[in-house]
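One structure below.
Chains as they are written, first to last, in my numbering: chain F, 51 to 276; chain V, -19 to 65.
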């Protein structure tokens, strides 16, 4: 069974939602404590949302030095799928596993709503089973989700088709309506919206399913166990 | 030797600063005209024990690069003063 490790920092608060969503989609999930120096035998890693280490200094600034992050970087370097959701996206940018940074929202408001996302690229660990151009309704829940990078980085992301998800209507001022980007190897993906909270019609949307199903499928492909 | 350190962290030139922009728009309403270029940053103060000022500065610069700032969007200015006991 495809095994997904969900990183738990002091202050994470979306890890159980990810565990639940992965399990419902037929995967196996386990928690990885931030103090662990290994990711064990997982086939994929999710860095979930929340306020890792209280978001002190900057979101992700302290979390990137947690021991588990060296193991996550090694796993990503070896081609393993890694997804950062919300605070997890902030952690991955601070760790240098994804380009850019997440700034305070343009309107200086904490945003808690549901937005439309457009799947821009299906060539990534989080979108390989989604439909290109499809619109997904997914919740957002953040204060620092305003994606920013240098003009050079933006040009590179566009040229390499690494902007995987865009907001249909930009809620936070993110550059080029960016909701999610991937690494040059396309195995590391970060996004501000929460697909794990949109995995059951009972909760208003199941549009997160194609994204997490993509992750499970990418994990099966890259798994050493086949 | 002990030094007193002030690290001022600011958003890099060109990076949008919604807080600074809001403050700048508010000031004329309070009767303060002619203010522009408002930027909001943060200030981190601490003391450090080091052999001399140059080595203290090297250490603080490394702290800024690795931890105190996010070089993608932030710059820092460092002020160091010897503490006389």
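All residues carry an ideal CB built from backbone N, CA and C; glycine is no exception.
Residue-chain proximity (residue i, chain F), Cβ-Cβ < 9 Å
i	result
residue 26 of chain V	no
residue -4 of chain V	yes
Residue i at chain V interface by Cβ criterion, 9 Å
i	result
residue 116 of chain F	no
residue 138 of chain F	no
residue 149 of chain F	yes
residue 162 of chain F	no
residue 200 of chain F	yes
residue 207 of chain F	no
residue 53 of chain F	no
residue 195 of chain F	no
residue 134 of chain F	no
Option nearest residue i by Cα separation, candidates the options
i	options	result
residue 248 of chain F	F/52, F/53 and F/67	F/67
residue 199 of chain F	F/190, F/213 and F/169	F/213
residue -18 of chain V	V/55, V/51, V/44 and V/35	V/35
residue 79 of chain F	F/86, F/100 and F/56	F/56
residue 1 of chain V	F/136, F/94 and F/154	F/154
residue 41 of chain V	V/-3, V/52, V/7 and V/59	V/59
residue 60 of chain F	F/102, F/98, F/184 and F/70	F/102
residue 190 of chain F	F/95, F/269 and F/100	F/100
residue 269 of chain F	F/77, F/109 and F/135	F/77
residue 225 of chain F	F/196, F/255, F/85 and F/186	F/196
residue 14 of chain V	V/6, V/32 and V/51	V/6
residue 93 of chain F	F/227, F/123 and F/53	F/53
Residues bridged to residue i [DSSP beta-bridge criterion]
i	result
residue 117 of chain F	DSSP, once it has assigned bridges, lists no residue as partnering residue 117 of chain F.
residue 216 of chain F	F/168 and F/228
residue 73 of chain F	Looking at the DSSP assignment, residue 73 of chain F forms no beta bridge with any residue, so it has no partner.
residue 66 of chain F	Residue 66 of chain F is not bridged to any residue.
residue 187 of chain F	F/166
residue 200 of chain F	Paired residues: none, contrary to the question.
residue 59 of chain V	V/-14
residue 54 of chain V	V/-9
Whole runs of the beta strand (DSSP E) within the stretch 79 to 159 of chain F, excluding any shorter than 3 residues:
The stretch 79 to 159 of chain F contains these whole beta strand (DSSP E) runs: 94 to 97, 132 to 135 and 151 to 153.
What alpha helix (DSSP H) runs, 4 residues minimum, are completely inside the stretch -18 to 45 of chain V?
-2 to 6 and 33 to 43
Counting pairs of beta carbons, one from the stretch 231 to 241 of chain F and one from the stretch 167 to 176 of chain F, are three or more of them closer than 8 Å?
yes
Which runs of the alpha helix (DSSP H) fall wholly inside the stretch 246 to 275 of chain F and span at least 4 residues, in chain order?
259 to 272
Count the C-beta pairs between the stretch 239 to 258 of chain F and the stretch 158 to 169 of chain F that are closer than 8 Å, then say yes if the count reaches three, no if not.
yes
When you compare the stretch 81 to 90 of chain F with the stretch 137 to 152 of chain F, are there three or more beta-carbon pairs, one atom per stretch, that lie closer than 8 Å?
no
Would you be able to state if there are at least three C-beta pairs under 8 Å between the stretch 98 to 117 of chain F and the stretch 70 to 79 of chain F?
no
Can at least three beta-carbon pairs, one atom from the stretch 14 to 28 of chain V and one from the stretch 252 to 269 of chain F, be found at a separation below 8 Å?
Because the criterion of three Cβ pairs below 8 Å is not met, the stretch 14 to 28 of chain V and the stretch 252 to 269 of chain F do not touch.
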